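Taking it in order: structure first as structure tokens, then the write-up.
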Amino acid sequence: KNEVEQSPQNLTAQEGEFITINCSYSVGISALHWLQQHPGGGIVSLFMLSSGKKKHGRLIATINIQEKHSSLHITASHPRDSAVYICAVLRNSGYSTLTFGKGTMLLVSP
Amino acid sequence: DVKVTQSSRYLVKRTGEKVFLECVQDMDHENMFWYRQDPGLGLRLIYFSYDVKMKEKGDIPEGYSVSREKKERFSLILESASTNQTSMYLCASSFVSGDGYTFGSGTRLTVV
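Chains as they are written, first to last, in our numbering: chain A, 124 to 233; chain B, 32 to 143.
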């Protein structure tokens, strides 16, 4: 079993829809990252969370440490949001390496 | 604007060649990392470094080595490239705490 599980694997939406991507993990962590990767592009860190909730524009990320679960929400989705979204955890022991989920491929149609 | 710069966006190399992938960061980060990304497997850690001249193996170090002679530069070396090393290679850096994680834009390596 992977230490970081994301769902869904693939997601299609119509422009304007509210989108949720989920991430569950099974190890102790000090923080969780949500990353975005456009086709052929590099990876951008959207959020780094250790508790609660963060908001940036139309993006909201939440984390529940007790339940070992995080969600990324996109409000009023737009075709430019089409990308792969990756959840990655920073373990609370050892070096600051990330363990990644397999990613969620989001396609938003006009 | 803070940056992690990878020297090549695309590379094509022949089987058996020695390949160098270079990564430079300008954020004074202690940690630097090399990951590879493959469809269906996601991102996997090859090697990382937490200080100059220090290195640690990641999950898939076989067939690779690294060099960190200066704080800002971390090189990934494929000693004898093989076709199963065709992949997207991503460099990243962070502070020792894990804050400030920043990725490069990746090098797509094809070994023929």
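Just so it is clear, CB atoms sit at the ideal spot from N, CA and C, and this is done for glycine as well. Remember, it's a predicted structure, so these values are computed and weren't measured experimentally.
Using a Cβ cut-off of 8 Å (strictly closer), state whether Glu87/B contacts chain A.
So, interface residue.
Touching by the beta-carbon criterion (3+ pairs, under 8 Å), the region 48-62 of chain B and the region 121-135 of chain B
Flag = yes, the region 48-62 of chain B and the region 121-135 of chain B touch.
As an exercise, report each continuous beta strand (DSSP E) stretch of at least 3 residues that is fully enclosed by the region 180-217 of chain A, in chain order.
Listed in chain order, they are 182-187, 192-197, 206-214.
Let me check understanding here. Comparing Cα to Cα, which of Ser232/A, Arg181/A, Gly226/A lies closest to Cys146/A?
With distances taken between CA atoms, Cys146/A lies nearest to Gly226/A out of Ser232/A, Arg181/A, Gly226/A.
Could you tell me which chain B residues have their CB closer than 8 Å to the CB of Ala154/A, listed as they occur along the chain?
Those are Gly129, listed as they occur along chain B.
Work out the CA separation of Thr133/B and Tyr95/B for me, nearest whole Å.
When only Cα atoms are considered, Tyr95/B and Thr133/B end up about 22 Å apart.
Between the C-alpha atoms of Asn133/A and Arg181/A, what's the straight-line distance to the nearest angstrom?
Just so you know, the alpha carbons of Asn133/A and Arg181/A end up roughly 20 Å apart.
Considering just the uninterrupted stretch of the beta strand (DSSP E) at Arg75/B, what are its terminal residues?
Segment 73-80, the beta strand (DSSP E) holding Arg75/B.
Boundaries of the beta strand (DSSP E) in which Ala154/A is found, first to last residue
Counted as a single uninterrupted DSSP element, the beta strand (DSSP E) harbouring Ala154/A occupies residues 152-160.
If I'm right that Lys191/A touches Tyr148/A with Cβ under 8 Å, what's the distance once you round it to whole angstroms?
Contact between Lys191/A and Tyr148/A holds, since their C-beta atoms are separated by about 5 Å, short of 8 Å.
What did DSSP end up calling Gln116/B once you bin it into helix, strand or coil?
Reduced to three states, the DSSP call for Gln116/B is helix.
Taking the Cβ atom as the reference point for each residue, do Ser251/A and Ile144/A lie within a distance shorter than 8 Å?
Outside the displayed range of chain A (124 to 233) lies residue 251/A, so it cannot be described from this structure.
Cα-Cα separation between Val212/A and Ser113/B, rounded to whole angstroms
One C-alpha to the other measures close to 31 Å.
Classify Met58/B as helix, strand or coil using the three-state DSSP reduction.
If DSSP states are grouped into helix, strand and coil, Met58/B belongs with coil.
Is the beta carbon of Phe141/A closer than 8 Å to that of Leu74/B?
At the C-beta level, Leu74/B and Phe141/A stay beyond 8 Å of one another.
In the DSSP assignment, find the beta strand (DSSP E) that holds Ile91/B and state where it starts and stops.
Careful: Ile91/B lies outside any beta strand (DSSP E) and carries neither H nor E.
Report the residue from Gly139/A, Gln129/A, His161/A whose alpha carbon sits nearest the alpha carbon of Thr198/A.
The residue with the shortest Cα to Cα distance from Thr198/A is Gly139/A.
Within 8 Å (strictly less), CB to CB, does Phe134/B reach chain A?
Interface with chain A (8 Å Cβ-Cβ cutoff): Phe134/B is included.
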